[in-house]
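Sequential numbering from 443 applies to the sequence shown in my numbering.
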Amino acid sequence: MKSKGTKIIVFSLAILVVIGLGYYLLSGKKASKIKIDTTVVLKGDISNAVTATGTIKPVTQIDVGTQVSGVVRKIYVDFNSKVKAGQLIAELDKVNLKASVEEARANLNTAINDRDYLQRQFDRQEGLFKNKNVSQLDYEEAQYKLANAKNAVLQRETDLSRALTNLSFANIYSPIEGVVLSRGVNVGQTVAASFSTPTLFTIAQDLRKMQVEANVDEADIGSVKEGQRVTFTVDAYPNDAFEGKVTQVRLNATTTSNVVTYTVVVKADNPDEKLLPGLTATISIYTFEIKDVLMASSSAINFKPDRDVLAKYFAEKGIERRKPEGKEGDKKDWKGRDKDRRPSKDDDSFRRVWVKTGDSLRPVAITIGSTDGINTEVLKGLQAGDTLVSNLREEVELPKTKTGGQGNSGSPFMPTPPRQRRR
């Protein structure tokens, strides 16, 4: 008996839930309202930009090395030292180099003595040979020895010149005026120039002029040209924007992880010397720019209203569709407005936009120009301050309950708080 009674109670509750749900769904009438989004035609700048990352580098940077081996005896500059062209910046030990010069000079003197001695012998042999007092063989042998002695003198002169040059290489001079970026040696260190030239210093010519070597993706490199304006930022000064100009698009491609990039060189002035070599720059290359032009939102340019929603909007606002507002309202049907400027299907420069004046909407044919995807240049058909429709949609409003809230504010099956008695 107890189980049967429980089933009856559960069954009764289920019926009440179904009745309550049906009453809730049938009693609430849904209301719809047309929502409209608009934008304003303005004057401004339109541009397209290619973004990339690169490294700040000096325009001219030279690695200073040495052509001779030796021990570093003196260093006259350090990191960040400013140097002038031809300034002595370091010296190598000259003991061995001076010894080589003395040896070469001694060899030269010996060769000169041999040449002079053989010259005197040849002169005697030549006189005897003319008087036929010596044989042809003796004469030719004297001539041969003299020629070799002269060649030996030339060779020894060359050796002396080389030794003097190597001695001069022991003095390291700055080839340009600039700033020492790095110093790769210390006093007492031995440098060996047998196989490759060791780098002693790295000097940047002028830090007031810098360049950015940026890696531009192959998909964007086609629109990058010399002379285009560039803006960039660096992490060291996130609130500062620097400007430059594209001076070179290098043809040599670099492939990293199957990504092909091209190096684009951007020259930039650095009067305050904020830009330091090695900083990472995030650049924007403006592939085209137009300034102070009439422009409209691209969403409004591409907007096409739904006919049913548009009809509901006119009905909601109490506007007769076939009699638009304005001076031409009595002369033209709104569908036939601007027939003389009707856009061609094959011409992508023409568009039809919807202009909002008060509550009235009317289509207007316009001519467009360049676009950056967000804004589009308007060449003809609109004026600054015109309001354009960018979206027209129908929104459903749920019915309000007796307490003033909307129908979806609570469940019909949840208990409500008891009403307070009026006093």
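Cβ atoms here follow ideal geometry from the backbone N, Cα and C, with glycine treated the same way.
- The shortest C-alpha to C-alpha distance from Y728 to any of V483, T673, E715 is the one to T673.
- Taking E660 as the centre and dropping the five residues before and after it, the same chain places the C-beta of V702 closer than 6 Å to its C-beta, in chain order.
- Taking one beta carbon from each stretch, the region 494 to 510 and the region 610 to 621 have 3 or more pairs nearer than 8 Å; the two touch.
- For the pair V576 and Q567, the CB atoms are nearer than the 8 Å cut-off.
- Excluding residues up to 5 positions away in sequence, M652, F684, G686 lie with their Cβ nearer than 6 Å to the Cβ of A710 in the same chain.
- Residues V621 of the same chain have their beta carbon placed closer than 7 Å to that of K524, with the five preceding and five following residues left out of the count.
- If one requires a minimum length of 4 residues, the alpha helix (DSSP H) runs lying completely within the region 686 to 747 are 740 to 743, in chain order.
- Contact between the region 818 to 829 and the region 751 to 759 is absent: fewer than 3 CB-CB pairs across the two stretches fall below 8 Å.
- Going by beta carbons, Y518 and L534 fall outside the 8 Å limit.
- Listed in chain order, the beta strand (DSSP E) runs fully inside the region 499 to 538 are 503 to 507, 512 to 517, 530 to 534, counting runs of at least 3 residues.
- When the beta-carbon positions are compared, V514 and V629 come within less than 8 Å of each other.
- Collapsing the DSSP output to three states places K667 in coil.
- With a beta-carbon spacing of about 16 Å, T722 and V707 fall beyond the 8 Å limit used to define contacts.
- S726 sits close to T493, with the two beta carbons spaced by under 8 Å.
- Residue pairing for T497: DSSP places it in a beta bridge opposite E655, T722.
- Straight-line spacing of the CA atoms in Q647 and S489 works out to 35 Å.
- When DSSP states are grouped into helix, strand and coil, I618 belongs to the coil group.
- Judged by their CB atoms, D487 and D734 are nearer to each other than the 8 Å cut-off.
- The C-alpha of G815 is placed about 29 Å away from the C-alpha of N700.
- Under the DSSP assignment, L609 falls in the alpha helix (DSSP H) whose first and last residues are 578 to 611.
- Here DSSP, grouped into helix, strand and coil, assigns K540 to helix.
- For L803, the uninterrupted beta strand (DSSP E) segment begins and ends at 802 to 813.
- Beta bridge pairing from DSSP links F684 with F674.
- For L752, the enclosing alpha helix (DSSP H) covers residues 749 to 759.
- DSSP places K475 within a strand segment (E or B) once states are collapsed to three.
- Cβ contact annotation for Q578 (same chain, cutoff 8 Å, sequence separation greater than five): F571, in chain order.
- The DSSP-derived three-state label of L821 is strand.
- Under the three-state reduction of DSSP output, E762 falls in the coil class, being neither helix nor strand.
- Under the three-state reduction of DSSP output, I488 falls in the strand class.
- For S624, DSSP records a beta bridge to T644.
- Secondary structure at T552: helix, using DSSP grouped into helix, strand and coil.
- Per DSSP, the beta-bridge partners of N833 are D479.
- Residue environment for V482: exposed (fewer than 16 other C-beta atoms within 10 angstroms of its C-beta).
- If you look at K574, you'll find it isn't in any beta strand (DSSP E); DSSP assigns it neither H nor E.
- Just measuring C-alpha positions, the residue of L550, K499, A826 sitting nearest E655 is K499.
- As a beta-bridge residue in DSSP terms, Y679 pairs with V676.
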